[in-house]
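Here's the structure, in structure tokens; my notes come after.
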Amino acid sequence: MYLHHLTVQAFGPFARTEAVDFDTLTSNGLFLLRGDTGAGKTSILDAVCFALYGTVPGIRPTHRLRSDHAPTDTRTHVILEFTAAGRRLRITRKPKQTYPSRRAKTGTATAEATVELHQWSDTDGVTGWEPVSANHQDTAREIEASLGLSKEQFCQVVLLPQGDFATFLRSDAKDRTVLLRRLFDTGRFQELQAWLTDRSKATKKDLDDVTATLQHLSERIHQEAGPLLHQDGTSTDEAALPDTQDPADLLPRAQHLRTLAVNAHTEAVADEERSDTEHQHAKTEHQHTHELAGRQTQHAQAQARRTALDDKAAHHPHLRDELDNGRRAEPLRPLLEAVKHTSRALDTATTAEDQARTQLPEEACRAGVPQLQAALEQHHAERGRVEGLLPDEQRHAQLGAQITELSTEAEQAQADLEEAGQWLAAWPDLEAEHTSLLGDMTKAADQVPQHEQVIQTLNAHLKAARLRDTLTTELASAAQAETDRAAEALEARTRWLDLRERRLEGMAGELAAELIDGAPCSVCGSPDHPNRARLLPDQPTRQDEEKARALYEQADTLHTQAGGRRNELATQHAEAAGAAGPTPSDELKAQLKSAKAAHRAACDAAGALPAAQETLTHLRTEHDTRTQQRQQAQDRVTECLARIKTLAQQQSALADTLAAARGTATTLGERITELTRTAKNLSGAIDAAQKAADATSRHHDATTTATTTAHDAGFLTLEEATAALKDPQFLDQWSQELDQWGKDDAVVTDLLKTPNLQEAGLQPPADLPAAAKALLEAEDRMKKTAATRQQAGHRITALTDLISTLTARLNDLEPLQARHALVDRLAGIASATTTANTLSMELEAYVLAARLEEIAEAANIRLQAMTSERYLLQHTADKDQGRRGRLKSGLGLRILDTWTGTERETSTLSGGETFTASLALALGLADVVTQEASGRPLGTLFIDEGFGTLDEQNLQEVMDVLDQLRAGNRTVGIVSHVAELSRRIPSQLNVLKNRNGSTLRPLISTDL
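To convert, count from 1 in the sequence shown and add 9; that's the working numbering.
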């Protein structure tokens, strides 16, 4: 990939439109991107990444890419022209952003993120940009197909982040795994390992399921054949549940049990046939006994009925007399009921008349019906006259209500008039107060951006100052730790050398102690040892010397590590101090607190500005409304007083007429109620008197008719006829009883003359319980033999089905065992849980270790050139320190010093050596990732910072390596503010920052 041209507008620190011509800038193959801290050097790299992938390195959100310095009407966009995979492409991206809009209710509108991808075309002599895609998904596919790199890979191999690779160089295997997994997409190997593990579990489950099924089938067969085991003569131990450890023994045992079941079924069929014959015989005997018992019972019942019929015949004559009198009196029942009804009606009417007359005035209680009717007509006429005056009474009440309402309205109008006058009197002062407050708020709102800029600057300084203070403390601790480790190493070395010297002084005694009689001396070779040297009292041994030396080497390693840590902290402290300046943290914190308080106050004032403007507008509108209300209130007061005077005159004229019509009543309604009540009482008394006369006449007629008819029926008086009356149900019952007695008498007589009943009565009583017992015993034997036969048949069926299923499961067992053994072995190797994996490394770790080994080999080519062939990166698969278990990560890195032939930890490198190793590692990783992803050459690389830690010689060696990259048709951009690089690299892109945003100034060799 080769970059040609980059255009940014309102992006990051760049307020306006800035352009970078990479073709001119990279003509020498090497250019420098320089500028002050915070000017926006990294934003150039962010713009390239955003144009290609729609996001920036890291986790920064895309909606914060817009420049805070840009005018509100300037839209943010990035345009990048580049060549990749033989295609020249131009991509234009705009992030999601807001912009002023007159049509929007809030005054601003939101534009969604857009992208456009074009390709340069030269067809038939016609050149120009042709569109490729205009949506995010298609563009992402086109970019990744052209570059062959994902965003994560691009950020690691094109935008080389030196700080990240220094961390990668010193980090442990766990952190290296995260980066390498992301770059090489080795998740598929982890998925394969998980798949093999899951597949092993699945095949184990299938195998366990089949084994469990076999166990279950064995138990079922054993359960079904339970009674047969004892019939077969099997002992208790032999009848126990068979073992499934050897599944081949299950089938023969099951087939033998089925043979026993067939024999048992044959015997059960013969027993069932014998019990059926016995049951039929018992059933016939029981039926004969039951018929005899029935005839004997029928004969005894007939004898009893004959006796009962003879007893009932004694009171039949009296019953027939009562039945005859009742039938003669029955036609008189309606007439007698009419007499009783008219008598009750006469009593009721007389009582009602007496009660109605008690409601009348005393002078009318004894009056006749004509006098009562005349009084009723007089009351009706008076009520009509009073009802005619009801509208006048309503009019009188309405006039009073209107007068009250007008009085209230006049009072309210007077109150409104006074209130409006008071408010208008206070208006000038109120208007001046709100106008002044609005001016103060507008001034505070204009100062909000200035406060935000101050807060942003102070936040950056305070963060850097805190880091500086923290590093100051850590650096002092590290320096003290280095001094302590040096003293401990010196003391350990002194103890070791002292112990070694003492051992050498007594070496003769040590050698003499090893001599054996007859064995040659290791020094002189003589087998005789006449005068052996003696051991000194405190003679050190070889083990004492080796232990002292090990303690010294351990102390020396700790001293080296402490020195490396102090150097690293010193570099970080210098960088932090340069960024923070000399101001103390507490003073910066106080300044930030004051700035935030001022910003908060300005924001509060700005937030209250719309409400204050709305309040002033509302007050001015209210002033106009109050002026109008005052005039309207004055007009209402005058009008209400005039109408009250007119209505009072009309009300006084109606009051006299209504008082005469009411009489003693309070209102005309009460007077009408009195007249209505009296008229109702008169009407009720008249109706009651007329009803009493009618009831007397009806009672006389009913009594005369009933007396005549009773005499004709043979009764002397009405009382005698009433006594003869009986309930019709009793008459029907007596008649049916006499008829039924005659029928029963004839039936019983015929039964007693029947020959078979007479014969049964002469025989001994039938023994039904004995016959029933014999039948039940036969039925029980038949059911038991039938159940036994049915169980035997079911047992044969069940055993046949179970043997069939058992045969099928046994056929499935062997393939499952072979499949599980294969998958379980592969899963164990991939997960490093078996000894078959001799490397003790999981599958993904093995792949990553191979990739890291390739990276180290590629990095060493440049590392040797940059370090005068002194250092090499050594990949090691040893187990990490502190890692539990037997697994190895395979991602260890150590430094080999070829000058001394010793290996050491990467954390012991100095600041410059760390940068050199990190750069070599980054370039090696770029080569391997590119080859892994697509194999396409990378025409452009960016290297971010770290050159300030190099001395003159190392810087020259690094520049030589970068020249080699340039010779390979690559363009290398270095992001740095080191002054020496600005003298060595003629092509430069300067990023200049100022109050209104950063700008770009390209410098090439002709400009210097």
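Just so you know, even glycine gets a beta-carbon here, dropped at the ideal spot from N, CA and C. Note that the structure is predicted; figures quoted are calculated from it, not measured.
*If you check the beta carbons only, do Ala867 and Gly933 fall under 7 Å apart?*
It is a contact, given that the beta carbons lie within the stated cut-off.
*CB contact flag (Gln659, Leu408, <7 Å)*: Gln659 places its beta carbon less than 7 Å from that of Leu408.
*How long is the line joining the alpha carbons of Thr413 and Val646, rounded to whole angstroms?*
Their Cα atoms are separated by approximately 14 Å.
*Rounded to a whole number of angstroms, what is the C-alpha to C-alpha distance between Asn144 and Glu461?*
Each residue's Cα considered, the two are about 36 Å apart.
*asked:* Rounding to the nearest angstrom, what Cα-Cα distance links Ser244 and Arg262 in this structure?
replied: Reliability of the predicted coordinates at Ser244 is poor, the pLDDT of 47 falling under 50, and the value obtained from them is presented with this limitation in mind. Between Ser244 and Arg262, the alpha-carbon positions lie close to 15 Å from each other.
*Where does Ile695 fall in DSSP's three states?*
Helix at Ile695.
*asked:* Spatial neighbours of Leu467 within its chain, please: C-beta separation below 8 Å, excluding the five flanking residues on both sides.
replied: Around Leu467: Leu597, Gln600, Leu601, Ala604.
*Measuring CA to CA, which of Leu508, Ala614, Arg509, Leu578 is closest to Asp449?*
Nearest C-alpha to Asp449: Ala614.
_Bounding residues of the beta strand (DSSP E) (the contiguous stretch that carries Leu1012)_ = If you look at Leu1012, you'll find it in the beta strand (DSSP E) that goes 1008-1012.
*Residues in its own chain within less than 7 Å of His308 by CB, not counting five upstream and five downstream?*
Correct list, in chain order: Leu766, Ala769, Gly770.
*Buried or exposed for Ala779, please, with buried defined as at least 16 other CB atoms from any protein chain shown within 10 angstroms of its CB.*
In this structure Ala779 is exposed. Its beta-carbon is surrounded by fewer than 16 other beta-carbon atoms within 10 angstroms.
*asked:* So, does the stretch 788-805 touch the stretch 257-277, judging by three or more C-beta pairs under 8 Å?
replied: Touching, yes.
*Only counting runs of 4 or more residues, tell me where the alpha helix (DSSP H) segments fall wholly within the stretch 384-458, in order along the chain.*
Whole alpha helix (DSSP H) segments, 4+ residues: 399-455.
*Taking C-beta to C-beta, are Leu355 and Thr705 nearer than 7 Å?*
Result yes, Cβ atoms of Leu355 and Thr705 sit closer than 7 Å.
*Using a threshold of 7 Å, state whether the C-beta atoms of Leu426 and Arg652 are closer than that.*
Judged by their CB atoms, Leu426 and Arg652 are not nearer to each other than the 7 Å cut-off.
_Gln465 classed as buried or exposed, judged by whether at least 16 other C-beta atoms fall within 10 angstroms_ = Taking all protein chains shown into account, Gln465 has fewer than 16 neighbouring C-beta atoms within 10 Å of its C-beta and is therefore exposed.
*What first and last residue would you give for the beta strand (DSSP E) that runs through Ile100?*
For Ile100, the enclosing beta strand (DSSP E) has its first and last residue at 96-103.
*Throw me the rounded Cβ distance for the Arg353 and Val757 pair, which I believe falls under 8 Å.*
Wrong, their Cβ atoms sit about 52 Å apart, outside the cutoff.
_If you reduce the DSSP assignment to three classes, tell me which class Gly49 lands in._
Gly49: coil per DSSP, three-state reduction.
_For Ala56 and Phe20, believed in contact at Cβ under 8 Å, the rounded distance_ = Right, their Cβ atoms sit about 6 Å apart.
*State the Cα-Cα distance for the pair Asn1003 and His884, rounded to the nearest angstrom.*
Each residue's alpha carbon lies about 48 Å from the other.
_Rounded to whole angstroms, what is the Cα-Cα separation between Glu679 and Leu663?_
When rounded, the distance between both Cα atoms is 18 Å.
_What residue range does the alpha helix (DSSP H) around Pro737 cover?_
For Pro737, the enclosing alpha helix (DSSP H) begins and ends at 737-761.
*Closer than 6 Å by C-beta to Leu1017: which residues in its own chain qualify, once you throw out the five before and the five after it? Chain order, please.*
At Leu1017 the pLDDT is 46, less than 50, meaning the model places this residue with poor confidence; the figure from the coordinates comes in the next sentence. Excluding sequence neighbours, Leu1017 sits near Pro995.
*Quick one: Cα of Ala28 to Cα of Ser840, how far?*
In a straight line, the C-alpha of Ala28 is about 53 Å away from that of Ser840.
*asked:* Measuring alpha carbon to alpha carbon, tell me which residue in Arg97, Ser744, Gln563, Glu418 is nearest Cys649.
replied: Of Arg97, Ser744, Gln563, Glu418, the residue nearest in Cα terms is Glu418.
*Kindly list the residues whose CB is nearer than 6 Å to the CB of Ala79, restricted to its own chain and excluding five residues on each side of it in sequence; keep chain order.*
If we look at Ala79 and ignore the five residues flanking it on each side, its Cβ neighbours are Ala19, Ala24.
_Neighbourhood of Glu391 by C-beta distance below 7 Å, restricted to the same chain and skipping five residues each side_ = Leu684, listed in sequence order.
*asked:* Please give me, in chain order, every unbroken run of the beta strand (DSSP E) with length at least 3 that falls completely inside the stretch 562-593.
replied: Segments of the beta strand (DSSP E) lying fully in the stretch 562-593: there are none.
*Beta-carbon separation of Thr195 and Glu853 under 7 Å?*
Yes, these two residues count as a Cβ contact at 7 Å.
*Measuring CB to CB, does Arg574 end up less than 7 Å from Ala488?*
Against a cut-off of 7 Å, the Cβ pair of Ala488 and Arg574 comes out as no contact.
*When Arg404, Arg112, Leu34, Gly95 are compared against Leu1012, the one with the closest alpha-carbon*: Of the candidates Arg404, Arg112, Leu34, Gly95, Leu34 places its Cα closest to the Cα of Leu1012.
*Stretch pair the stretch 198-218 + the stretch 824-836: three plus CB contacts closer than 8 Å*: The answer is yes - the stretch 824-836 touches the stretch 198-218, with three or more Cβ pairs under 8 Å.
*asked:* What does DSSP give as the partner residue(s) for His295 in the beta ladder?
replied: In the DSSP assignment, His295 forms no beta bridge with any residue.
*Determine which residues share a DSSP beta bridge with Ile983 and list them.*
Leu41, Ile952, per the DSSP bridge assignment.
*Apart from the five residues just before and just after Thr676, which ones in its own chain have a Cβ nearer than 8 Å to its Cβ?*
Taking Thr676 as the centre and dropping the five residues before and after it, the same chain places the C-beta of Glu402 closer than 8 Å to its C-beta, in chain order.
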